[in-house]
Amino acid sequence: MIEIKDKKDCCGCTACACSCPKKCIVMESDEEGFIYPVIDLNRCVHCNICEQVCPQDKKNIRDNTIPETVVARDKREKILSIGTSGSIFTAIIECTLAEHGVVYGVIVDKDNIVRHIRVDSKQDDRLSKIPCSKYVKSEIRGIYPQVKSDLQSGKKVCFSGTPCQVAGLKSFLKKEYSNLICVDVICRGNPSPLFWKRFAEYLKKKYNSKIADVRFRNKTYGYHSGTMKVSFENGKIYYGSARTNYYLRAFFADLCSRPSCYKCQFKHIQHISDLTLYDSWHAAELADLQDDDKGYTNIIIQSSKGKKLLDKLKTIEKYPVDTLKAVELDGVMVEKSVNWNKEREDFFNNIEDEDIKRHCSRFMNVSLKDHIIENAKRIYYYKKFKEST
Ligand SMILES: Cc1cc2nc3c(=O)[nH]c(=O)nc-3n(C[C@H](O)[C@H](O)[C@H](O)COP(=O)(O)OP(=O)(O)OC[C@H]3O[C@@H](n4cnc5c(N)ncnc54)[C@H](O)[C@@H]3O)c2cc1C
């Protein structure tokens with residue numbers, strides 16, 4: 001029977017709850033907003049399936065060979081502008097749906113909850129919300145059985161998520177499916193859904209409107225200065241980079257991630273996914289390109305299935321690069337977990353009650369200078385944008 005003695009040992013993938021033959025495991029949120037398995041001991045038959053499917057402390061790599069890497073991006077300017085780095089996932093969605101497949105990806109829903117969804121039609125208006133990284137642990141409860149049902153019905157399935165979510169899915173499925181393709185993203189850490197909820201509430205109050213769209217890393221001010229963009233139903237727009245935005249700042253200070261992210265079990269170059277995506281900050285140096293500040297993605301090709309899919313994506317331009325050099329320049333998070341921030345525990349105390357801005361300001365100092373630089377950036381990019389149109 002699964003027993004979480006140390007929260008760092010549970011990545012919250014849900015494989016245990018989804019696999020329990022007695023359905024006696026529920027994933028419940030703790031006081032930080034992260035889900036963990038809770039077992040109804042009266043119904044548990046001690047079959048140990050939950051422990052067997054837990055992806056923690058398992059091998060989770062195919063072999064030790066160094067996979068190939070390409071630096072890549074979508075050739076279409078409009079698509080490139082909406083993704084996080086090289087906007088690779090839009091072409092993957094298009095290809096999967098064109099083959100009558102099903103896509104699983106992450107959106108921010110109308111209640112501002114970051115969740116995995118299933119999409120099987122080009123007409124689904126949630127599709128455009130899947131690209132772009134959401135720096136929040138996604139709500140994934142109930143998704144794995146849906147993936148299994150799609151696979152068993154013979155549909156092509158493309159599942160995207162963090163490495164722990166892909167490992168959890170594969171462990172839950174227990175066997176390889178030739179109709180499954182998994183795309184994961186290299187992950188610094190997964191912030192708390194509760195912290196995100198409090199931050200979204202703060203923004204809604206400040207702008208006196210519901211949120212219409214959130215981009216955690218928007219390219220309005222260029223790829224290299226990734227900025228949160230929040231559009232409100234009343235037409236107002238908020239922009240804030242990690243210089244002044246408390247949410248992004250807490251994420252990059254490693255104050256708000258799930259405990260398991262600080263001891264992540266999935267830090268290898270080799271993954272059991274088919275493609276692994278991460279930021280290519282050094283695309284110019286790696287692939288001898290010109291850095292136009294529009295973004296590129298490093299793609300690690302983890303399997304022949306991944307290679308085949310990539311070859312089908314005609315809107316993607318790609319350049320082979322040295323995998324180890326790419327990891328050395330851009331991939332500190334490929335192989336390493338972030339360090340535990342000593343203030344993390346204090347950060348989560350009172351997070352539900354105190355005004356979130358006041359709460360954050362006790363841990364992070366946003367100075368007048370930061371605000372001046374942020375505003376100057378806005379003026380500079382506004383001028384640059386006006387000149388280019
Ligand atoms: C929580 C998180 C932390 C990350 N940390 C790093 C890092 O430290 N270093 C680094 O180089 N790259 C990191 N990335 C990856 C990076 O932000 C980009 O996703 C990657 O470069 C691919 O960009 P793209 O434009 O090609 O993808 P896009 O076309 O923008 O597609 C993004 C994909 O990410 C998936 N996704 C979005 N949010 C989530 C989520 N919360 N959980 C699971 N899947 C999600 C979507 O379903 C989609 O498939 C992180 C991503 C996430 C979600």
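Under UniProt numbering, the letters of the sequence shown match residues 1 to 389, in that order. Here a beta-carbon is modelled for each residue, glycine too, at the ideal position from N, C-alpha and C.
Legend entry - Assumed close pair Cys13, Gly168 - CB separation to whole angstroms, cut-off 8 angstroms: By a beta-carbon distance limit of 8 angstroms, Cys13 contacts Gly168. Their separation comes to about 3 angstroms.
Legend entry - Three-state secondary structure assigned by DSSP to Ser29: strand
Inset, instruction - To the nearest angstrom, report how far apart Cys95 and Leu313 are at their CA atoms. - result: 7 angstroms
Legend entry - Any chain B beta carbon closer than 8 angstroms to Ala72: The question asks about chain B, but that chain is absent: this structure has only one protein chain.
Inset, instruction - Compute the distance between the beta-carbons of Glu343 and Thr244, then report whether it is under 8 angstroms. - result: No, they are not a contact pair.
Inset, instruction - Would you list the one or two residues that DSSP bridges to Arg215? - result: Lys229
Inset, instruction - Compare the Cα-Cα distances from Lys307 to each of Ile316, Asp274 and Asn349 and report the closest residue. - result: Asp274
Inset, instruction - Measure the C-alpha to C-alpha separation of Gly154 and Asp120 and round it to an integer number of angstroms. - result: Distance between the alpha carbons of Gly154 and Asp120 is about 14 angstroms.
Inset, instruction - Going by CA-CA distance only, name the one from Ala242, Asp346 and Lys357 that's closest to residue 471. - result: Because the chain spans 1 through 389 in this model, residue 471 falls outside it and cannot be assessed.
Legend entry - Own chain, CB closer than 7 angstroms to Thr389, minus 5 neighbours either side, in chain order: Caution is warranted here: a pLDDT of 42 is assigned to Thr389, below 50, making its placement in the model unreliable, and no coordinate value can be reported.
Legend entry - Paired residues, beta bridge with residue 416 - DSSP: Shown here, the chain extends from 1 to 389; a query on residue 416 therefore has no answer.
Legend entry - Check: Phe34 C-beta below 7 angstroms from any heavy atom of ligand 1: no
Legend entry - First through last residue of the beta strand (DSSP E) which encompasses Thr297: Thr297 to Ile301
Inset, instruction - List the residues that DSSP assigns as beta-bridge partners of Leu275. - result: Val183 and Ile301
Legend entry - Coil, strand or helix - Thr389 by DSSP: Since pLDDT at Thr389 reaches only 42, below the 50 mark, its modelled position is unreliable, and no value is offered.
Legend entry - Distance CB(Lys236)-CB(Ser260) smaller than 8 angstroms: no
Inset, instruction - Taking Val136 and Ser160 to be in contact with their CB atoms under 8 angstroms, please state how far apart those CB atoms are, rounded to whole angstroms. - result: Contact doesn't hold; Cβ gap of about 15 angstroms is too wide.
Inset, instruction - Identify whether Pro320 lies in helix, strand or coil by the three-state DSSP scheme. - result: strand
Inset, instruction - Go to Val338, then tell me how far its alpha helix (DSSP H) extends in each direction, as first and last residue. - result: Where Val338 is concerned, there is no enclosing alpha helix (DSSP H), given that its DSSP letter is neither H nor E.
Inset, instruction - Would you mind giving the Cβ-Cβ distance between Ala61 and His271, rounded to the nearest angstrom? I have them listed as a contact below 8 angstroms. - result: The amino acid at residue 61 is misidentified as Ala; the sequence shows Ile. With 8 angstroms as the limit, Ile61 and His271 qualify as a contact, their Cβ atoms being about 7 angstroms apart.
Legend entry - Through-space distance from Pro163 to Gly105, alpha-carbon basis: 13 angstroms
Inset, instruction - At 4 residues or longer, and completely inside the UniProt domain "4Fe-4S ferredoxin-type" (1–30): list those alpha helix (DSSP H) runs for me, N to C. - result: Taking only runs of at least 4 residues, the alpha helix (DSSP H) segments lying wholly in the UniProt domain "4Fe-4S ferredoxin-type" (1–30) are 15–19.
Inset, instruction - Output the boundary residues of the beta strand (DSSP E) element that contains Pro37. - result: Ile35 to Ile39
Inset, instruction - Please report the Cβ distance between Glu28 and Ile35, rounded to the nearest whole angstrom; I am assuming they are in contact, meaning their Cβ atoms lie under 8 angstroms. - result: 6 angstroms
Legend entry - Terminal residues of the alpha helix (DSSP H) in which His359 lies: Ile356 to Ser361
Inset, instruction - Flag Phe89 as yes when its Cβ comes closer than 7 angstroms to any non-hydrogen atom of ligand 1, and as no otherwise. - result: True, at least one ligand heavy atom lies under 7 angstroms from that Cβ.
Inset, instruction - With distances taken Cα to Cα, identify the nearest neighbour of His268 among Asn48, Ile66, Thr227 and Phe251. - result: Ile66
Legend entry - Beta-carbon proximity check, Tyr319 vs Ala287, cutoff 8 angstroms: yes
Inset, instruction - Could you check if Ser171 is buried or exposed, using at least 16 other CB atoms within 10 Å of its CB as the buried criterion? - result: The residue in question, Ser171, is buried, as its Cβ has 16 or more Cβ neighbours within 10 Å.
Inset, instruction - Take Glu32 and list the residues in its own chain whose beta-carbon comes closer than 7 angstroms to its own, dropping the five residues that flank it on each side. - result: Ser192, Leu194 and Phe348
Legend entry - Straight-line gap, Asp330 to Arg73 (C-alpha atoms, nearest Å): The C-alpha of Asp330 lies about 16 angstroms from the C-alpha of Arg73.
Legend entry - Under the three-state DSSP convention, the category Asp370 falls into: helix
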